[in-house]
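Numbering-wise, the sequence shown is residues 646 to 1409 according to my numbering.
Heads up, the beta-carbon is just placed ideally off N, CA and C, and yes, glycines get one too.
Taking it in order: structure first as structure tokens, then the write-up.
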Amino acid sequence: MRGHQPGDTGANGNLPLELDGFVGRHAELRALARALDSSRLVTVTGPGGIGKSRLAARVTGGGCAPPDGTWRVDLTAVRDPEFVDHAVVEALGLTDHTTRPPREILLAHLAGRRLLLVLDGFEHLVDACADLVVELLERVPGVCVLAVGRRPLAVSGEQLLAVGPLAEDEAVVLFRERAGRRGVPVADDPHVRELCRRLDGIPLAVELAAGRLGALSPDQLLERLDDRFRLLAGGGRDALPRHRTLRTAIGWSHELCTPEERLLWSRLSVFAGRFDLEAAEYVCSGGGLHADDVLDVLSALLAQSVVAREETATGVRYRMLDTVRAYGAEWLEATGDAVRLRRRHRDWYVGLATWCELDWFSPRQNEVAARIEAELPNLRCALEHCLTEPDGMELARHLAGSLWFCWVGCGRLSEGRHWLERSLEPEPHGEPEVHRGPEPHGEPGAHREPEPHGEPGAHDEPEPHGLPEPGSGGEHARLKALWVLGYVAILQGDTVPALAALQRCREEAERAADPTAVAYAEHRTGCLALVSDDMPRAETLLRSALARYEEIGELNSNVLMGQVELAMARAFLGDLPDAVRLCEEVRRICEDHGERWARSYALYVLAYAAWREGDTARARALLTDCLSCAHTFRDLLGSVLSIELLALVTVTQGDPAEAAVLQGAAAALWPSVGLPLFGSAYYNAPHELCEATARQRLGDGRYEECVRQGRALGREAAVARALGRARPRAGLPAPRGPVRPTHEALGTHEPAASPTRKGGETAG
């Protein structure tokens, strides 16, 4: 899901949608442009494969976007209506880890803005999308909506634009253009025109036909087309003709496939969104298709445009059009093999999450973050499958808990809490469930595909990777899900559920004699004390947790964050040398292991200490490193804390105007994190000092003007500005000795007890 502003080409330089090869549609383009000029809600409808998304992208990518841009939300991979609002929030680039519902976040962000929101592929989420659109149109006057799907939203004021087949000339141009891409020159001859007419000018059908030109000529395609249309004419008499035609086109391509190609096509339908070769080889092999043959068969499907290949940040990935996937899913159900394939899909992604958690504490941390981001649709599918299987709750807890680094470190607290809470719901019969693992192929009742080659061992299935042993680790997975849930709730500022989860985890871990879970429960309780300004309790709990970690030999990003949190507590209590010692040790361990995320928080504490000691150049260098890393991981808390402290360093170095701009930028980011500076007197003291100094140097009017300038910056612009500043010319004397905030000086009577609502680890 990706948002695009005017002229934006996306993070990887790609256009918002596939605009290359766009053919014809001149009348539809003009009609859609007129509709968008006259209506706040326009819905483009038509069957799958008719070219709705390309038409919408062509119009909205024409450079006449509203002042605040055009933002596309791809809903094709969203299965749960509850996640529609989350999908829109994500597409708009909003990072918010408060307890506010995503709808409230969305409405607050859009207030006063003028933009076009494109909801693409909404047909399976009509009710949820209609509800969202109605509220947006009623409450945000500057928002217009372009909906793209197979059916109307049926909302008052909706203007419909039905997209039909291509005209014959346009279909011929499309056919020849796609044939040319495959190195097959095709003339505009009667055979080609007849073929395009018989395909009713449906773009998907035309492209699939062109995909067969490597083996068949246009006149040979015509000869086969008659039989295939009669054989695969789908739907009843009341079905729309275009639906029958589309099904015919897909079914015809399906019939032209070999048995192995049809088998892989059906099995690939279990993937949600994109997938890679390794996943396809594991999930789709066995039962008549050996893992070693998957690449060759996949290549054949690529050549026929059944599957598309894409270059992404995580390497080469593949995808199927939604209509093609749905057709394959019907065939998979018909084979009786769907249950086995879904279990294999689940097992692959449980294993992937398990290994990614281990790799998080390694030099591959950036790659892990990118990989998990790319695999989220499939991970959600696996989680949903675990939760709907009678014996799947243990795996659901294992998977949701293993993804803690995604929920906490990569800015997905709300989603993580959703899955964690669902996995911890009481089981129907109150009995501990046991994971049985994937069905072996020879198990009674398991489906057996015919062996095309009759080779012994062709049905052998690879062993599942990275999964818990059957029947083992169930209690440990539950305890882990509990402490991760407590951690997430703390970061959202939801104290009562956080304490409840952590206390429950601690009590049950002690009964189960699980020292690891005890250590994590104690650690996260100390985390809560830290952001609640109870520094003595935070120090006691964190030291105890670190001692437990050392006793059991636990070392990972969580453990290092516990040491950073302890350092922060020591710094706030006035012992800067001890805080520096603790963070330098964390920094050394992180550099030895290639860990960057926990290291960034250690750098933050070291920068604070450097500023306190008057070394502003060192403080700036440390904060620049910290901010760059936090932004890479989408850790909004790490980013905003770095910007806050950079503002203080900047005013100390003699540039109060730029410091005020950075404070304004931070102020604009805090609502998406939670309570500014956690409502903590300790965290707030540097902010107050920066503001007081800047106001004194600039005057109130100029200070407020600079703050407004900073507030107007978006997140990307704010980070870029903070990272790209030239070194200031002069400096003010830095304070000597620790800052000891007093409630009187800050205008408060007692430290705020509200914890942070953030998207990264707790200590800054």
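Please classify residue i: is it buried, with 16 or more other beta-carbons within 10 angstroms of its beta-carbon, or exposed?
{"i": "residue 847", "result": "buried"}
{"i": "residue 1382", "result": "Because the pLDDT of residue 1382 is 45, which lies under 50, any placement of that residue in the model is unreliable, and the question is left without a value."}
{"i": "residue 1282", "result": "buried"}
{"i": "residue 1173", "result": "buried"}
{"i": "residue 998", "result": "buried"}
{"i": "residue 784", "result": "exposed"}
{"i": "residue 1285", "result": "buried"}
{"i": "residue 679", "result": "exposed"}
{"i": "residue 1198", "result": "exposed"}
{"i": "residue 1265", "result": "buried"}
{"i": "residue 1043", "result": "buried"}
{"i": "residue 955", "result": "exposed"}
{"i": "residue 1141", "result": "exposed"}
{"i": "residue 858", "result": "buried"}
{"i": "residue 1030", "result": "buried"}
{"i": "residue 813", "result": "exposed"}
{"i": "residue 903", "result": "exposed"}
{"i": "residue 1200", "result": "exposed"}
Do residue i and residue j have their C-beta atoms within less than 8 Å of each other?
{"i": "residue 728", "j": "residue 1055", "result": "no"}
{"i": "residue 1241", "j": "residue 865", "result": "no"}
{"i": "residue 787", "j": "residue 757", "result": "yes"}
{"i": "residue 1354", "j": "residue 1309", "result": "yes"}
{"i": "residue 900", "j": "residue 867", "result": "no"}
{"i": "residue 1069", "j": "residue 1130", "result": "yes"}
{"i": "residue 1027", "j": "residue 959", "result": "no"}
{"i": "residue 961", "j": "residue 898", "result": "no"}
{"i": "residue 972", "j": "residue 919", "result": "no"}
{"i": "residue 1257", "j": "residue 1314", "result": "no"}
{"i": "residue 1366", "j": "residue 1312", "result": "no"}
{"i": "residue 1351", "j": "residue 1296", "result": "no"}
{"i": "residue 1324", "j": "residue 743", "result": "no"}
{"i": "residue 1012", "j": "residue 1050", "result": "no"}
{"i": "residue 1231", "j": "residue 1247", "result": "yes"}
{"i": "residue 1287", "j": "residue 1249", "result": "yes"}
{"i": "residue 1267", "j": "residue 1235", "result": "no"}
Could you spell out the range, first to last residue, of the alpha helix (DSSP H) harbouring residue i?
{"i": "residue 794", "result": "Taken as a continuous stretch (DSSP letters only), residue 794 belongs to no alpha helix (DSSP H), being part of the beta strand (DSSP E) at 788-794."}
{"i": "residue 955", "result": "Note, residue 955: premise wrong, no alpha helix (DSSP H); beta strand (DSSP E) at 953-957."}
{"i": "residue 936", "result": "Here residue 936 belongs to no alpha helix (DSSP H), and DSSP marks it neither H nor E."}
{"i": "residue 1262", "result": "1261-1277"}
{"i": "residue 806", "result": "From DSSP, residue 806 is part of no alpha helix (DSSP H) but of the beta strand (DSSP E) over 804-807."}
{"i": "residue 814", "result": "813-826"}
{"i": "residue 1069", "result": "Per DSSP, residue 1069 belongs to no alpha helix (DSSP H) and is neither H nor E."}
{"i": "residue 1242", "result": "1242-1257"}
{"i": "residue 1311", "result": "1301-1314"}
{"i": "residue 1217", "result": "1202-1217"}
{"i": "residue 780", "result": "771-784"}
{"i": "residue 1460", "result": "Residue 1460 is absent from the model: the chain starts at 646 and stops at 1409."}
{"i": "residue 1354", "result": "1345-1356"}
{"i": "residue 730", "result": "729-736"}
{"i": "residue 1283", "result": "1281-1297"}
{"i": "residue 1225", "result": "1221-1238"}
Start and end of the beta strand (DSSP E) containing residue i?
{"i": "residue 960", "result": "960-964"}
{"i": "residue 715", "result": "715-719"}
{"i": "residue 763", "result": "760-765"}
Starting from residue i, follow its DSSP beta bridges and name the residues at the other end.
{"i": "residue 686", "result": "790"}
{"i": "residue 1006", "result": "Bridge partners of residue 1006: none, in fact."}
{"i": "residue 1050", "result": "DSSP, once it has assigned bridges, lists no residue as partnering residue 1050."}
{"i": "residue 1323", "result": "According to DSSP, which records beta bridges pairwise, residue 1323 is partnered with nothing at all."}
{"i": "residue 916", "result": "Per DSSP, none; premise fails for residue 916."}
Practice prompt. Please determine if the segment 1260-1280 and the segment 1301-1320 are in contact, where contact requires at least 3 C-beta pairs separated by less than 8 Å.
Written response: no
Worksheet item: Are the segment 1180-1192 and the segment 1203-1222 in contact at 8 Å, needing three or more beta carbon pairs?
Response: Yes: at least three Cβ pairs fall under 8 Å.
Worksheet item: So does the segment 1119-1129 actually touch the segment 1142-1155, counting three or more Cβ pairs closer than 8 Å?
Response: yes
Practice prompt. Assess, as a yes-or-no matter, whether the segment 813-832 is touched by the segment 778-796 under the definition of 3 or more beta carbon pairs within less than 8 Å.
Written response: no
Discussion item. Any contact between the segment 761-779 and the segment 1341-1350? By contact I mean 3 or more CB pairs, one from each, below 8 Å.
Written reply: no
Worksheet item: If we count Cβ pairs, one from each stretch, closer than 8 Å, do we get three or more for the segment 692-711 versus the segment 1231-1241?
Response: no
Worksheet entry | the segment 729-745 / the segment 680-696 touching (three or more Cβ pairs under 8 Å) | no
Worksheet item: Quick check: the segment 927-936 against the segment 969-986, are there 3 or more CB pairs under 8 Å?
Response: yes
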